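Chains as they are written, first to last, in my numbering: chain A, 1 to 244; chain B, 1 to 244; chain C, 1 to 244; chain D, 1 to 244; chain E, 1 to 244; chain F, 1 to 244.
Every residue gets a Cβ at the ideal spot worked out from N, C-alpha and C, and that includes glycine.
Note that this is a predicted model, so its numbers are computed, not measured.
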């Protein structure tokens with residue numbers, strides 16, 4: 001059930017304590033993929049996962065701006081600080097909880113959100129506010145043979161499946177030529193680079209020529225399966241909400 | 001230009017310092033209108049206004065959760081505190097500014113956001129960070145003959161024009177019967193009611209039977225004209241960005 | 001009972017749960033009215049209202065500095081941020097509550113305090129901390145024929161009644177000549193001006209020549225009646241304090 | 001010059017960079033002295049000191065609520081947290097600075113404010129915002145022979161001089177009988193008591209029978225001399241305001 | 001029991017509700033004493049006091065950085081703001097409490113920590129979180145004949161006893177020659193100097209030539225006795241932990 | 001140069017802009033290893049790395065309490081929130097910077113600190129405050145054949161080398177028997193467990209029987225080499241400190 005498209009009496013009639021909150025980012029994804037990539041992919045995976053799930057699940061609207069300062073040198077990148085992001089997502093989850101939907105999966109499409117989401121979901125769960133867990137789709141699918149990158153094969157494939165009109169295939173070669181092969185600038189187990197521009201001229205990491213609509217379809221299927229399994233695990237997990 | 005659908009090189013090529021950021025709310029709008037009403041209407045007005053404007057304008061993605069605690073007794077209402085909202089919107093605006101789009105209109109669709117937006121836009125403007133101004137569409141159109149209400153004639157009309165599939169006309173009579181005639185519970189110039197449930201059984205204020213698709217069309221046209229005029233005024237306004 | 005002038009045993013003997021907290025501002029009011037206008041008027045109305053009320057009411061000392069950054073271009077204007085103001089007033093109210101005076105009217109004399117007071121009184125009331133409500137005297141009296149302005153007929157009249165020695169009638173003509181007719185600089189339903197200096201050369205809005213001591217007397221009487229009615233409404237209002 | 005009673009053009013004409021901000025507290029002072037003692041005494045000393053000083057000094061309105069949680073068990077005591085107090089006073093000082101009055105003495109009448117004022121004045125001074133220094137009148141006068149106490153000889157004397165109508169001499173014996181001889185409950189150089197009620201039944205420390213109007217007059221004279229000397233020292237002190 | 005050197009099962013077996021948390025500072029102490037003086041002395045006193053005490057006491061690791069901005073002009077001085085310090089120490093105490101050790105003495109070695117520690121221990125105790133009290137060793141020992149100073153006889157003596165290898169006796173004469181005789185720059189009962197450099201060329205206050213290893217031994221003995229007495233007082237003190 | 005053991009004139013004479021700040025944690029490490037493991041190992045690696053480095057490096061004192069709430073069910077575990085930790089470490093780094101040591105490696109010994117340190121070092125570096133980078137020793141050494149665990153072979157080996165007296169070999173079998181084989185409870189790429197107790201009965205992960213003093217010696221050598229290489233990289237890195 002998409003919350004945004006539902007009137008409140010129908011929301012009230014939902015017989016579930018499960019909710020999914022998509023969070024993404026609006027940030028550069030190379031010359032070939034749109035700034036909305038991370039929120040569009042999070043939304044697509046969330047919708048597919050909720051649809052694939054056997055039980056009713058509340059689907060909240062996607063939060064479009066995340067922790068993406070690392071991409072700020074590329075025009076159109078939007079971001080907020082970790083503090084503002086954590087507060088905004090946490091309180092949104094708390095409002096879901098107020099209606100009895102206190103087992104919440106935050107479906108995430110952006111690497112920069114991973115650590116802040118882990119921090120806030122731990123807080124919510126330990127406090128007895130919500131049984132909350134982050135789910136980052138590209139950490140859930142088996143991608144041993146292909147590295148995640150940025151605007152690389154994985155993301156571009158998924159986009160080609162769900163929003164083909166937003167992918168510019170004519171820019172793939174440029175993307176690959178001026179992009180990077182791998183993420184970051186590593187020394188002694190730490191990444192010296194805080195900003196993408198330090199290691200990728202056009203913001204791309206990986207070669208989008210390796211993407212395909214078919215791979216995208218497989219990724220959505222795999223991710224939605226994983227999300228559904230996680231929803232089952234969360235539904236059954238032992239956890240007690242704290243009485244005020 | 002819709003930022004979410006654009007790759008960064010195109011965003012970089014925009015020859016403008018104007019941006020529009022839609023902000024709404026996901027909250028009850030009676031038994032006949034969807035929880036997403038305020039973000040959908042803000043988005044529709046923002047898109048129409050940007051389209052109607054002569055000059056290029058950057059259009060950011062809509063922020064879906066606002067200050068709506070007053071509606072929390074109705075299922076599906078999402079909200080964040082004023083502090084979280086101000087921080088999230090302010091920093092999103094600051095990221096727009098980082099790309100040179102430092103004259104920003106925040107297009108708003110929700111009454112509860114008005115005061116927080118005024119506070120934060122004042123802060124941004126006085127600090128020399130952004131020339132920012134809130135625009136609440138229903139405060140901009142001439143609605144002398146029809147009160148704003150909540151899920152009332154104005155909002156319902158606008159929705160019937162832009163998202164007719166989300167309006168349930170069969171619930172109009174119920175909405176009117178158990179709704180309220182006017183907003184709040186006033187004594188000595190102050191509203192004693194902090195929550196909608198104190199004065200409206202089903203969350204509606206006003207009679208949606210008075211709505212029409214035609215009125216909705218007129219409202220979008222009027223609001224987009226007003227927004228375009230405001231963009232012109234902001235573009236020409238004397239204001240100096242503070243050097244760091 | 002004026003708290004400041006009372007020893008604690010007498011305060012303890014008060015048989016009431018009603019308290020009044022005056023808050024004002026120290027800010028420019030044109031060349032003819034003192035910087036303390038808003039706190040002096042709030043205090044005068046609060047005292048008159050408490051005196052007019054049938055039941056015992058605790059009267060706290062007036063808070064003299066509010067949210068008045070908009071007047072900062074005029075010498076002597078003092079202000080704090082909204083955050084500092086909300087925290088200071090909220091905690092002062094909480095200390096009133098600790099003594100059992102948990103139904104509190106915040107009597108306000110300044111437009112810039114209205115939104116912050118609404119926000120914090122809502123917070124206190126929803127949290128079950130206090131049944132708190134703001135009362136802005138010039139929003140409570142019927143002033144259809146005269147606009148509020150700033151240092152205009154209303155405020156100047158009230159001051160001429162309660163502190164005639166602080167009003168400089170010889171500056172009325174100057175005030176009117178270099179002042180503004182109405183507040184702000186409006187476009188598309190939004191006020192483009194964040195600062196008074198943008199639309200009023202000397203800070204005045206309205207013509208103090210239209211003021212009179214008689215009107216001031218009527219205003220105090222009307223405002224104190226309104227305040228007394230509000231105290232009755234608050235005393236009878238259904239509300240439950242949250243147990244810790 | 002009392003800011004509250006002055007119109008802005010006169011404030012603008014002040015040829016000084018010196019300002020005095022009185023801060024007090026509204027808190028129990030035994031059965032014989034009013035809750036407003038600390039703000040009334042701070043105000044009296046501030047006015048006398050400004051009057052005694054040779055040069056022009058801006059006098060801000062007194063801030064009536066301070067850090068007084070230790071007295072909360074006695075009815076009528078008001079207080080805010082250290083954080084709220086520091087923020088409110090700091091920003092009030094910053095607004096004084098905005099008009100060029102950047103050498104500020106905070107005249108204090110309450111022991112609980114001493115540490116927070118030291119912390120914030122240090123912050124302001126080190127940041128180059130204001131040359132700010134706290135002045136607590138009873139730390140400035142030579143009172144070797146009489147301990148400060150609380151509602152004791154010193155405070156009661158000063159009150160008897162400046163507000164005799166607020167002192168209840170008939171309660172002196174009660175105050176002394178059920179009060180404490182000295183402040184706190186000491187062990188190993190630390191005070192184990194965080195609240196006055198732990199060591200004084202009626203909140204008094206010291207015997208008000210030892211007070212006199214004559215001593216009050218001497219105290220005001222001594223304190224205003226000390227304040228005037230401090231103003232001279234601050235005016236001459238080497239300190240540079242930081243350019244923004 | 002030194003927590004850092006103990007495995008958790010032994011910690012669990014402790015039959016006590018008493019804990020000691022040493023806090024110090026890393027800051028200049030003249031040319032003859034190390035930057036770690038205040039944390040080393042706090043640690044030494046804490047260890048001696050715990051050893052001298054009859055009952056079991058948990059000893060937490062020393063916190064090495066405190067509120068020492070006043071010494072920042074001398075190389076190597078580390079410091080954090082009062083806010084960061086209060087939060088860090090408070091939460092460390094809260095974690096001690098979580099294990100049942102809810103009567104906590106914070107053993108302090110630095111003057112700049114005194115006011116922040118008092119503020120946070122009051123907060124913890126009043127909130128029913130911990131029965132917490134600060135103990136500053138040089139306020140606990142009888143030093144009527146010798147002023148505390150900074151890197152003066154007292155601190156230097158204590159160091160010569162516990163860490164003689166870190167004291168440079170050859171620099172004593174320099175320390176005394178370019179140091180100050182007393183702390184601060186006083187006028188009207190207030191210290192005009194916020195920074196040590198304003199009154200001491202090399203950061204020393206007092207003459208370390210007056211120090212001796214013997215005095216150091218006496219100081220540790222006296223301080224540990226005082227600490228042990230305080231632990232007894234705290235153990236017996238009436239105080240109730242608040243149930244969550 | 002160990003800052004704690006140095007007097008300020010020697011600190012001032014350091015000809016370097018490099019500093020190392022060890023941060024650890026005081027938390028359970030199974031029945032065989034001390035609560036101080038993570039701060040002791042961080043300190044040992046930091047000292048060895050500074051010693052191994054060719055150029056002068058300032059060594060700050062180790063911060064003993066980190067983000068370790070996940071271990072709170074085991075007695076003696078200390079922790080602070082992420083916010084308090086970030087603030088405390090950030091400001092400590094800022095104080096190092098104030099003396100010109102603005103290239104800082106934060107040497108970390110605890111997994112729970114990794115994300116907060118990354119966040120704050122990014123902030124410091126992007127703001128132009130410090131060129132700061134975290135170094136977590138067990139992420140820097142090549143441990144392909146042995147998983148990190150918790151109180152497992154790696155940590156226990158390192159401890160056996162640097163603090164053999166604190167390791168209880170007699171508890172190794174118990175540790176292994178009631179410990180876990182791997183960290184966490186994984187589903188769909190996310191760890192459902194927020195607390196160690198959910199998957200390890202005694203807090204251990206991995207078998208300490210696989211540890212050895214020899215491996216510990218190798219680990220310190222490898223980690224100090226890595227740290228030295230990182231110091232070289234940071235020293236040479238292009239980065240500009242922001243002028244205030």
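*asked:* Using only the alpha-carbon positions, how far apart do residue 188 of chain E and residue 102 of chain D sit?
replied: 20 Å
*Are the region 136-152 of chain A and the region 140-155 of chain F in contact at 8 Å, needing three or more beta carbon pairs?*
no
_Whole-angstrom distance between residue 43 of chain E and residue 26 of chain F, CA atom to CA atom_ = 16 Å
*Rounded Cβ spacing between residue 61 of chain E and residue 36 of chain F (contact assumed at less than 8 Å)*: 6 Å
*Answer with buried or exposed for residue 145 of chain C, where buried requires no fewer than 16 other C-beta atoms within 10 angstroms of its C-beta.*
exposed
*Assign residue 200 of chain B to buried or exposed, taking buried as 16 or more other Cβ atoms, counted over all protein chains shown, within 10 Å of its Cβ.*
buried
*asked:* I'd like to know if residue 28 of chain A contacts chain B, where contact means its C-beta is closer than 8 Å to some C-beta of that chain.
replied: yes
*Take residue 138 of chain A and list the residues in its own chain whose beta-carbon comes closer than 7 Å to its own, dropping the five residues that flank it on each side.*
148 and 154
*Which residues in chain A sit within 9 Å of residue 109 of chain F, going by Cβ to Cβ distance?*
Near residue 109 of chain F there are no residues of chain A at all, since even the closest Cβ is about 13 Å away, more than 9 Å.
*Under 8 Å, do residue 76 of chain F and residue 99 of chain E count as touching if we go by C-beta distance?*
yes
*For residue 29 of chain E, name the three-state secondary structure that DSSP assigns.*
strand
*Give a yes or no on whether the C-beta atoms belonging to residue 73 of chain C and residue 197 of chain C are separated by under 8 Å.*
Cβ atoms of residue 73 of chain C and residue 197 of chain C: closer than 8 Å.
*asked:* Between residue 183 of chain F and chain E, is any beta-carbon pair separated by less than 8 Å?
replied: It does not: the Cβ of residue 183 of chain F has no partner Cβ on chain E nearer than 8 Å.
_Among D/69, D/92 and D/160, the one whose alpha carbon lies nearest that of residue 34 of chain D_ = When C-alpha distances from residue 34 of chain D are compared across D/69, D/92 and D/160, the shortest belongs to D/160.
_I'd like the ranges of any beta strand (DSSP E) spanning at least 3 consecutive residues and lying wholly in the region 100-148 of chain E._
103-108 and 131-136
*Within the same chain, show all residues whose beta-carbon is closer than 6 Å to that of residue 195 of chain B, passing over the 5 residues directly before and after it, in chain order.*
70
*asked:* With a threshold of 8 Å on Cβ separation, who are the neighbours of residue 41 of chain D within its own chain once the five nearest residues in sequence on each side are excluded?
replied: Taking residue 41 of chain D as the centre and dropping the five residues before and after it, the same chain places the C-beta of 24, 109, 137, 155, 158, 159 and 162 closer than 8 Å to its C-beta, in chain order.
*Check distances from the C-beta atoms of the region 156-186 of chain A to those of chain B and list, in chain order, the residues that come in under 8 Å.*
166, 168 and 171
*Using a Cβ-Cβ distance under 8 Å, would residue 194 of chain C count as near chain D?*
no
*Do the region 7-18 of chain A and the region 86-94 of chain A meet, that is, are 3 or more Cβ pairs less than 8 Å apart?*
no
*Quick one: give me the first and last residue of the alpha helix (DSSP H) that residue 21 of chain D is part of.*
First-last for residue 21 of chain D: 18-23, but that is the beta strand (DSSP E), not the alpha helix (DSSP H).
*Under 9 Å between beta-carbons, which chain C residues line up against residue 189 of chain B? List them in chain order, please.*
135, 136, 137, 138, 139, 140, 141, 226 and 230
*So what does DSSP say about residue 87 of chain B, is it helix, strand or coil?*
helix
*Counting along the chain, where does the alpha helix (DSSP H) carrying residue 150 of chain D start and finish?*
Note, residue 150 of chain D: premise wrong, no alpha helix (DSSP H); not H, not E.
*Under 8 Å between C-beta atoms, does residue 234 of chain E make it to chain F?*
no
_Residues of the region 30-43 of chain D whose Cβ lies closer than 8 Å to any Cβ of chain C, in chain order_ = 30, 31, 32, 33, 34, 35, 36, 39 and 40
*Taking a cut of 9 Å between CB atoms, which residues from the region 117-130 of chain F lie near chain A?*
Hits within the stretch, in order: 118, 119, 121, 122, 123, 125 and 126.
*Using the rule of at least 16 other Cβ atoms within 10 Å of the residue's Cβ for burial, across every protein chain shown, is residue 64 of chain D buried or exposed?*
buried
*In chain C, which residues lie with their C-beta within 8 Å of the C-beta of residue 99 of chain D?*
75, 76 and 77
*Taking just the CA atoms, how far does residue 186 of chain F sit from residue 112 of chain F?*
17 Å
*asked:* Only counting the same chain, and skipping five residues up and downstream in sequence, which positions put a Cβ closer than 6 Å to that of residue 204 of chain C?
replied: 30, 151, 175 and 179
*Helix, strand or coil for residue 191 of chain C, going by three-state DSSP, please let me know.*
strand
*Range covered by the alpha helix (DSSP H) that runs through residue 50 of chain F*: 37-52
*Alpha-carbon to alpha-carbon, residue 119 of chain C and residue 206 of chain F*: 53 Å
_Inter-residue spacing [alpha-carbon to alpha-carbon] between residue 78 of chain E and residue 68 of chain E_ = 7 Å
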